Amino acid sequence: MRLYDLRSDTVTKPSEGMRKAMYEAEVGDDVYREDPTVNRLEELAANMIGKEAALFVSSGSMGNLIPIFLNCGRGNEVLAHERSHILHSELSSLAAIAGAMPVAVQGDKGILKAAQLEPRVRPPDAYMPRTRMVEVENTHNLEGGNYYQVAELREVSAFAKRHRLSLHMDGARLFNAAVALGASAAKLAAFADTVTFCLSKGLGAPVGSMLCGTARFVEEARRVRKLLGGGTRQAGILAAAGIYALENNIERLAEDHEHARMIAETLAQVRWASLDVAEVKTNIIFFDAPDNPAAEIVEALAKHGILARALGEYSVRMVTSLEVSRADVDKICETIRGIAP
291 MRLYDLRSDT VTKPSEGMRK AMYEAEVGDD VYREDPTVNR LEELAANMIG KEAALFVSSG
351 SMGNLIPIFL NCGRGNEVLA HERSHILHSE LSSLAAIAGA MPVAVQGDKG ILKAAQLEPR
411 VRPPDAYMPR TRMVEVENTH NLEGGNYYQV AELREVSAFA KRHRLSLHMD GARLFNAAVA
471 LGASAAKLAA FADTVTFCLS KGLGAPVGSM LCGTARFVEE ARRVRKLLGG GTRQAGILAA
531 AGIYALENNI ERLAEDHEHA RMIAETLAQV RWASLDVAEV KTNIIFFDAP DNPAAEIVEA
591 LAKHGILARA LGEYSVRMVT SLEVSRADVD KICETIRGIA P
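Just add 290 to wherever you are in the sequence shown, counting from 1, and you've got my numbering.
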């Protein structure tokens, strides 16, 4: 039976062209900064994001942890959306390793507003922690791939500047947001001091994320990466995949968005799924299972070759990626119509 893997966009496998680039990569020792392919990737990423410098890190979690470690600091607070990835899916590393205190802030569909952030800023008081950072997630995983409009980012940036707070963007799927908005990633990243984006999600590379910021910040980030065990040697083999992804796999993200909408429209037609198709903005679909536990829905889908994830008792997530073609989506939709859990 053919399997259609919609559990995540992290399940992508290197294409033939990407594998060829990895095989042919020129390598050196990256800890000594002598890997030319890593250096090229970092320069490319910095230019695309509009920052002075970039650092190749092993994961998005590391890419989020380092700026919290450096720009928030021990005993200080970072304001983040209540359903953000750094609060729910990074093993409390911001507290366990960076020593920072997360403050969960409400925001409609993952979007933080100055009005919600303002009352969470601590006043100067010897008994209170200091507020030092704001973190935005763009696109927002647990809020169905929703993304910030430019005006919304401008508002958060102005708030952060007014309070002298560092602004970090968890842009794991930043290029999905850019493609959906028809804007450059640099335009969206311009509002943040530091930005992380993943190479290993919709862009299709097997490993790695990029952390971008000022040259001074990246120099310090390189030290913290080593502290966290993230120094690598001949990493050009992996960096080559990242270069290939950035040069070949950005514009095609629009296909993933279209495929997600097609699947969502089909789910809206079956009795065992409930969702608002208009809320499917990029490549992530969340739907409720009103009559069955999510685990039962996931099991029923798996029996028909469709892999999904239960995220909550009655909530199911599907994510489209380059592993799922238009023909695959047609088959997925046909199969969904025939399932009766």
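Ideal placement from N, C-alpha and C gives every residue a C-beta, glycine not left out. Fair warning: this is a prediction, and the values are worked out from it, not measured in the lab.
Going by the DSSP bridge assignment, what does residue i pair with across the sheet?
| i | result |
| --- | --- |
| Ala600 | Val606 |
| Met308 | For Met308, which the question treats as bridged, DSSP gives no partner whatsoever. |
| Val395 | His371 |
| Tyr294 | Ile596 |
| Asp578 | Ser564 and Ser605 |
| Leu501 | Leu345 and Thr486 |
What's the call for residue i, buried or exposed, on a 16-neighbour Cβ count within 10 Å?
| i | result |
| --- | --- |
| Tyr437 | buried |
| Arg422 | buried |
| Met418 | exposed |
| Leu293 | exposed |
| Tyr322 | exposed |
| Arg506 | exposed |
| Tyr534 | buried |
| Asp325 | buried |
| Glu380 | buried |
| Ala416 | exposed |
| Asp620 | exposed |
| Met291 | exposed |
| Gly472 | exposed |
| Arg515 | buried |
| Lys310 | exposed |
| Leu543 | buried |
| Leu443 | buried |
| Gly628 | exposed |
| Ala475 | buried |
| Asp460 | buried |
Quick check on this structure: which residue in the options has the alpha carbon closest to the alpha carbon of residue i?
| i | options | result |
| --- | --- | --- |
| Ala385 | Ala405, Gly340 and Leu369 | Leu369 |
| Ala585 | Val570, Phe577, Glu569 and Val606 | Val606 |
| Gly435 | Arg444, Leu464, Ala530 and Gly602 | Leu464 |
| Val426 | Val395, Arg420 and Pro409 | Val395 |
| Phe638 | Gly521, Thr556, His594 and Gly595 | Within the shown structure, residues of the chain are numbered from 291 to 631, placing residue 638 beyond reach of any answer. |
| Ala592 | Ile622, Cys362, Val514 and Lys516 | Ile622 |
| Ser298 | Leu377, Glu589 and Ser611 | Ser611 |
| Glu367 | Ile376, Glu545, Met391 and Glu569 | Met391 |
| Leu602 | Phe449, Val588 and Glu324 | Here residue 602 is Gly; the residue named in the question, Leu, does not match the sequence. The shortest C-alpha separation from Gly602 is found at Val588. |
| Ala550 | Asn582, Ile533 and Val614 | Val614 |
| Gly503 | Ile533, Glu408, Leu360 and Ser349 | Leu360 |
| Thr572 | Gly492, Leu443, Arg420 and Arg627 | Gly492 |
| Met352 | Asp320, Arg444 and Arg512 | Arg512 |
| Asn329 | Asp546, Gly397, Thr522 and Ile376 | Thr522 |
| Val411 | Ala470, Phe449 and Ala441 | Phe449 |
| Asn337 | Ala479, Ile596 and Pro414 | Ala479 |
| Val393 | Ile376, Asn539 and Gln439 | Ile376 |
| Leu536 | Leu517, Ile339 and Thr625 | Ile339 |
| His378 | Arg542, His430 and Gly519 | His430 |
| His547 | Ala404, Ser474, Gly400 and Ala468 | Ala468 |
| His453 | Pro409, Asn428 and Gly397 | Pro409 |
| Ile540 | Ala470, Tyr313, Thr625 and Gly520 | Ala470 |
For residue i, which residues in the same chain have their Cβ closer than 6 angstroms to its Cβ, ignoring the five residues on either side in sequence?
| i | result |
| --- | --- |
| Pro357 | His458 and Thr484 |
| Val567 | Ala554, Glu555 and Ala558 |
| Thr327 | Ala315, Glu316, Gly526, Ala529 and Ala530 |
| Met500 | Ala335, Ala344 and Phe487 |
| Tyr604 | Asp578, Ala579 and Ala584 |
| Ser383 | Leu355 |
| Leu432 | Arg373 |
| Val570 | Ala550, Arg551 and Ala554 |
| Gly532 | Leu331, Leu489, Ala495 and Gly498 |
| Ile574 | Gly434, Gly435 and Val609 |
| Arg599 | Arg297 and Arg607 |
| Gln439 | none |
Give every residue of the same chain whose Cβ lies closer than 7 angstroms to the Cβ of residue i, excluding the five residues on either side of it in the sequence, and list them in chain order.
| i | result |
| --- | --- |
| Asp618 | Tyr294 |
| Trp562 | Ala579, Asp581, Asn582, Ile587 and Pro631 |
| Asp320 | Val328, Thr522, Arg523 and Ala525 |
For residue i, which residues in the same chain have their Cβ closer than 8 angstroms to its Cβ, ignoring the five residues on either side in sequence?
| i | result |
| --- | --- |
| Ala388 | Leu355, Ile358, Phe359, Cys362, Gly363 and Arg364 |
| Val424 | Val368, Leu369, Ala370, Leu402, Leu407, Val446, Phe449, Ala450, Leu455, Ser456, Leu457 and His458 |
| Arg616 | Glu545 and His549 |
- Message: I'd like the ranges of any alpha helix (DSSP H) spanning at least 4 consecutive residues and lying wholly in the region 416-486.
- Response: 440-452, 464-471 and 475-479
- Item | Any alpha helix (DSSP H) of 4 or more consecutive residues that is wholly inside the region 510-561 | 526-538 and 543-557
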